[in-house]
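Participant: Residue numbers (the working numbering), protein chains in the order written: chain A, 1 to 431; chain B, 1001 to 1333.
Starting off with a structure, shown below.
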Amino acid sequence: MGRKKKKQSKPWCWYCNREFDDEKILIQHQKAKHFKCHICHKKLYTGPGLSIHCMQVHKETIDKVPNSQPNRGNIEIEIYGMEGIPQEDLQEHERNKGGQSHSLSSGLVLNANTHSIIIGFAGNNDDEDGPEAKRAKSDSPASGLAPTPPVVGPAGPLGGMVVPGLPGMAPRPPFGVSGIPPGWGAPAMPVSSPTTYASHPTGPNGARPLFPSAAGGGAASSSGSKPTFPAYGDTNGEKKPAMIATTTATTRIVHPPEDISLEERRAKMPKYAPPVSSVSAVSTSQQAQHLHHQAQLPVSSQHLMSGAMMNASIAAPPMGMQTLPMTSQAVTGAPMMANPFLMGRPGIPHQMGGMPPQMFQPPPMLGGPQLVRQPFPAAMVGPAMSAMGPAMSAMGLPAMSFAALGMPPASAAAAMVQTPFGLMGTAPRFR
Amino acid sequence: MATVEAGSRSSSEFQLKNGPADGISRVRFAPNSPQFLLCSSWDSTLRLYDVQANTMRVKFLSGGPLLDCAFQDPIHVWSGGLEGQLRSADINSSTESIVGTHENAIRCVEVSQELNVVVTGSWDSTVKLWDTRTNSCTGTYTQPEKVYSMSLAGEKLVVGTASRKVWVWDLRNMGYVQQKRESSLKFQTRFLECFPNKQGFVLSSIEGRVAVEYLDPSPEVQKRKYAFKCHRVKENGIEMIYPVNAITFHKDYNTFATGGSDGLVNIWDGQHKKRLCQFHKYPTSIASLAFSNDGSTLAIASSYMHEHEKPPESIPEDAIYIRTVTDQETKPK
């Protein structure tokens, strides 16, 4: 950080915390952004000037400087460029900049979004940037946010390029500034505390918790109502997902409020993850039992076909042993047969764990997964792939059509089983 | 395979027949040929299409929804999904085997042909490397969070995780993390893809925004990084902001296409910061995009991704569109 000097000399706008390369530009910015009369678009020179103008010309009172950060709207303070900024705010700005990296100061609008460039130096960023950024944000929501609104014009890369000199002036929507901060403020917090904060999507304005601890409560209450929560992954069980402020006055992010990927969320849908999975490590034997029964249903149908396959697998005895390590991950062996979708879920293994270990070993069990995985090969051994079309469409119901496909050519099935083993022979050891 | 013109084929675009029966997680073209397209799906299938003939050539059924797939070479393909198993399939013999497992779902599968390595990224917050010659795991590397997206640039591996972390690894020396970054976007990382020229990557977030970043940590290079908004629509004074789910690069021109949950595909010239074109709106979210290796063809997977708290009443069918693109659409002006 050998650029301290340069940074200090950067003029910045007290109303919106933007930095500029040049005080002249700053003044232009203030006239256009903060001192412009919303009625006649006359550009005044100071906040009080604007207020007097509106009062005298339009008989309207202005209670805050347009486009200013929440706590910087004071219309009484006379600020012109860098002149007139209260001493403590000057100092605070200096302090905050310590935490924010140089990207802030770059005059190029496009960079503004990147409030920190953290590269290399493992761990450094957290120690250095984290706390600083956090303080900045909790002290005054304004400070940390400043760089955000101007980021880019609405038109994508082009927008940002248009006005390098007057960053963000044109592209910014009229009330963007007042609308954006809450939305941005919350998501910005993960910088320091990625998973613990929360914000209330609909009423972000004062509801935004300043500290993770406060946020924890919010998160708990909101996600507590979600029953199907920890489907995949045990880590999930402990920490609540952070929340995204998806809604502001003028914007709506089309994404669920939980800060988890769409895929994680989808994986929790009953279709992919039976409700049981939410039981996870919790005792609740009842539900688990229930699930177990459910799971049994598909089993029976699959057993049928696995029976067909059994012969083939017995023909190659070592396979059983080999497959084990591959699918071992505790969960996989048996449950897979019960219901392929259950695998990897914490809830099931416990149930299965009750069974003696040998349950995992008998060939029939292993035959099952193999089969399930390889319906195609059996049917497809023939060279004519294109002929597959119709057969495949029938595959919609794996279990049923499976039996149909798997049975007829016993020899083909055997062949197919062997091939994978050829491949798998080298595979099992993976650690 | 004879090349048959499908009846439904329009001038530059047609829909693949025999599309997956559930959400599409990834489409990828075969290396060196725009003829074959691989597709993994939530319906637990891995499908290979002959794009020119518009037929499905092979389908592998796995035990659970698949989240990613990749070509090793035209014959060998890899896939992984919710059950956490890494599968290797041989297209010619139509056989598949499980090569290994993660403790949680495998979210990403990448293959480095040069280094004979398959890289898997998982929600168990690890990345594993697998030797394609021995089909064995050669290492497990802890990541800061669940892996959401991954991309290879030569020997560099860029891993995007939950909590907006981006870690850069070197496949030749996985002993330490080369770079620990934070996404320059303020919202969850949705997807990332490295430049074909290996100098950087493009990262998208759920908040209709895309960042262009460079790997070289020197300040001069870092200065060039930028981000821009996209995939947003103003409706009744409210700006609807959509996740950017997919990015794919045109290998020759270094331009890239982005696909969003707004159902739109844009092609960008990242170097000149210009949008080259926007295609028509597709029925639903763009879940995945793939340029063919020669850049002549773009595969567009339109597949609803459950972005809404309440799903819409009718969900459009999951579909893959194959679009022949022109230089005008993809070449920097």
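By construction, the Cβ of each residue, glycine as well, lies at the ideal position given by its N, Cα and C atoms.
The structure displayed is predicted, hence computed values, not measured ones.
Where do the ends of the beta strand (DSSP E) carrying K1128 of chain B lie?
Facilitator: T1126 to D1131
Participant: If you measure between the beta carbons of L262 of chain A and H1306 of chain B, is that distance less than 8 Å?
Facilitator: yes
Participant: Does the beta carbon of H255 of chain A sit closer than 8 Å to a beta carbon anywhere in chain B?
Facilitator: yes
Participant: Can you tell me the Cα-Cα spacing of T451 of chain A and I39 of chain A, whole angstroms?
Facilitator: No statement about residue 451 of chain A is possible, as the shown extent of chain A runs from 1 to 431 and does not include it.
Participant: Quick check on G84 of chain A: buried or exposed, where buried means 16 or more other Cβ atoms within 10 Å of its Cβ?
Facilitator: exposed
Participant: Less than 8 Å between the C-beta atoms of K1165 of chain B and E1182 of chain B, yes or no?
Facilitator: yes
Participant: Kindly identify the DSSP beta-bridge partner or partners of M1150 of chain B.
Facilitator: M1150 of chain B is bridged to B:V1159.
Participant: Output needed in chain order: residues of the segment 1184-1203 of chain B with a Cβ under 8 Å from some Cβ in chain A.
Facilitator: S1184, L1185, K1186, F1187, Q1188 and R1190
Participant: Tell me which residue opens and which closes the beta strand (DSSP E) that S1041 of chain B is part of.
Facilitator: Start and end: F1036 to S1041.
Participant: From the DSSP secondary-structure annotation, give me the bridge partner or partners of E19 of chain A.
Facilitator: A:W12
Participant: So, does the segment 1176-1191 of chain B touch the segment 1242-1261 of chain B, judging by three or more C-beta pairs under 8 Å?
Facilitator: yes
Participant: Compare the C-alpha of S1261 of chain B against each of B:Q1015, B:H1308, B:K1059 and B:P1031 and name the closest.
Facilitator: B:H1308
Participant: Closer than 6 Å by C-beta to C1137 of chain B: which residues in its own chain qualify, once you throw out the five before and the five after it? Chain order, please.
Facilitator: G1100, K1128 and W1130
Participant: Establish whether the CB of D259 of chain A and some CB of chain B are separated by less than 8 Å.
Facilitator: yes
Participant: Run through DSSP, which three-state label would N1032 of chain B get?
Facilitator: coil
Participant: Here's the rule I'm using: 16 or more other beta-carbon atoms within 10 Å means buried, otherwise exposed. How should M1056 of chain B be labelled?
Facilitator: buried
Participant: Report the rounded CA-to-CA distance for K1225 of chain B versus R1209 of chain B, giving the unit in angstroms.
Facilitator: 14 Å
Participant: Quick check: what's the CA-CA separation for P1311 of chain B versus N71 of chain A?
Facilitator: The C-alpha of N71 of chain A is placed about 39 Å away from the C-alpha of P1311 of chain B.
Participant: Residue ranges of each beta strand (DSSP E) run of no fewer than 3 residues wholly in the segment 1061-1148 of chain B, ordered along the chain?
Facilitator: Entirely contained in the segment 1061-1148 of chain B, the beta strand (DSSP E) runs reaching 3 residues are, in chain order, 1066-1071, 1076-1081, 1085-1090, 1095-1101, 1106-1112, 1117-1122, 1126-1131 and 1136-1142.
Participant: Over the uninterrupted beta strand (DSSP E) stretch that includes G1270 of chain B, give me the two end residues.
Facilitator: Here G1270 of chain B belongs to no beta strand (DSSP E), and DSSP marks it neither H nor E.
Participant: What separation, rounded to the nearest whole angstrom, lies between the Cα atoms of Y1176 of chain B and Y1148 of chain B?
Facilitator: 20 Å
Participant: Compare the C-beta of R95 of chain A against all C-beta atoms of chain B and say whether one is closer than 8 Å.
Facilitator: Taking Cβ atoms only, chain B never reaches closer than 8 Å to R95 of chain A, which makes this a no.
Participant: Shorter than 8 Å from the beta carbon of R265 of chain A to some beta carbon of chain B?
Facilitator: When Cβ-Cβ separations below 8 Å define contact, R265 of chain A makes contact with chain B.
Participant: Run the CB neighbour count on K271 of chain A, radius 10 Å, all protein chains shown included, and call it buried at 16 or more, exposed below.
Facilitator: exposed
Participant: Between the C-alpha atoms of R18 of chain A and K33 of chain A, what's the straight-line distance to the nearest angstrom?
Facilitator: 11 Å
Participant: Alpha carbon to alpha carbon, how far is V1212 of chain B from L1298 of chain B?
Facilitator: About 21 Å.
Participant: Bridge partners for R252 of chain A per DSSP, in chain order?
Facilitator: A:T247 and B:M1240
Participant: Please name the residue in B:N1018, B:E1313, B:S1041 and B:N1236 whose C-alpha comes closest to that of R266 of chain A.
Facilitator: B:S1041
Participant: Would you kindly work out how many angstroms separate the C-alpha atoms of P241 of chain A and E258 of chain A, rounded to a whole number?
Facilitator: Distance from the CA atom of P241 of chain A to the CA atom of E258 of chain A, rounded to whole angstroms, is 6 Å.
Participant: Reducing DSSP to helix, strand and coil, say where F175 of chain A ends up.
Facilitator: At F175 of chain A, the pLDDT of 42 sits below 50, so the modelled position is not reliable and the matter cannot be decided from this model.
Participant: Residue range of the beta strand (DSSP E) that T46 of chain A falls in?
Facilitator: Careful: T46 of chain A lies outside any beta strand (DSSP E) and carries neither H nor E.
Participant: Comparing alpha-carbon positions, which option in B:P1283, B:S1292 and B:P1219 lies nearest S1314 of chain B?
Facilitator: Checked all of B:P1283, B:S1292 and B:P1219; the closest Cα to S1314 of chain B is B:P1283.
Participant: I need the straight-line Cα distance from L1046 of chain B to K1059 of chain B, nearest angstrom please.
Facilitator: Their backbone Cα atoms lie some 6 Å apart in a straight line.
Participant: Tell me which same chain residues have a C-beta within less than 6 Å of the C-beta of E1103 of chain B, skipping the five on either side of it?
Facilitator: D1124
Participant: Among all the DSSP beta bridges, which residues are the ones paired with N1230 of chain B?
Facilitator: The residue you asked about is not Asn; residue 1230 of chain B is Cys in the sequence shown. None, per the DSSP bridge assignment.
Participant: Per DSSP, what kind of secondary structure is Q56 of chain A in: helix, strand or coil?
Facilitator: helix
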